[in-house]
Amino acid sequence: MSTAPPSPATWPDWSGPTEHCMPPQGSAGSAAALDWLEALGERQGWPTRTRMALALCADEALANIALHARTPAGAPAQRWLSCGPTAAGLALCIEDDGLPFDPTTQPSPELADSLDEMAIGGHGLRLMRHYLHQLLYQRTSERNRLLLEVAWPQTP
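Structure (structure tokens):
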């Protein structure tokens, strides 16, 4: 998986039509966005593992945006979602109008020997890095853009 800052060559192009969603702000908006993503996956017949991996990673990203992202004026950030096919599989682009924040530059915490020793925070990024083909970030037009790309399962 790539977590390097994207160049135009690594940020994938859509290879087909995209679907769009603008959920309300806050945790209710996160739930609405996940419902939209689930319905989209069912309607388009995505493989179950692909649908589950993308939903799990989207849930993590959307929850963090709802919890932490704020506009320069201090208001909760608005989110916009686009989802569609790429050459490698399927991607979800999550945009928000919050202050700049690149999660791809954040390290994953060290794994602890026990739950008592585990550091709080950062494990969602570890999960995303595990399940995604690519996790990319851009800052464009005063928006954070996070791309979650899953690869289609290989057929024998």
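Numbering-wise (our numbering), the sequence shown opens with residue -3 and increments by one. Note that the Cβ used here is the ideal one computed from N, Cα and C, for glycine as well. Computed from a predicted model, the values in this text were never measured in an experiment.
Under the 8 Å Cβ criterion, the stretch 92 to 110 does not count as touching the stretch 12 to 30, having fewer than three qualifying pairs. With a cutoff of 8 Å on beta-carbon distance, residue 67 and residue 94 are scored as near each other. In the structure shown, the three-state DSSP call for residue 42 is coil. For residue 143, there is no enclosing alpha helix (DSSP H); the enclosing beta strand (DSSP E) covers residues 139 to 147.
One Cα belongs to residue 49, the other to residue 71, and the distance between them is close to 30 Å. For residue 82, the closest C-alpha among the options 121, 147, 15 is that of 147. Residue 16 sits in a strand when the DSSP states are folded into three classes. Residue 81 is bridged by DSSP to 86. DSSP lists 66 as the bridge partner or partners of residue 72.
In this structure, the straight-line span from the alpha carbon of residue 47 to that of residue 69 is close to 35 Å.
Bridge partners of residue 21 according to DSSP: none are assigned.
Annotation for residue 123: the continuous alpha helix (DSSP H) segment containing it runs 119 to 127.
Contact between residue 89 and residue 143 holds, since their C-beta atoms are separated by about 5 Å, short of 8 Å.
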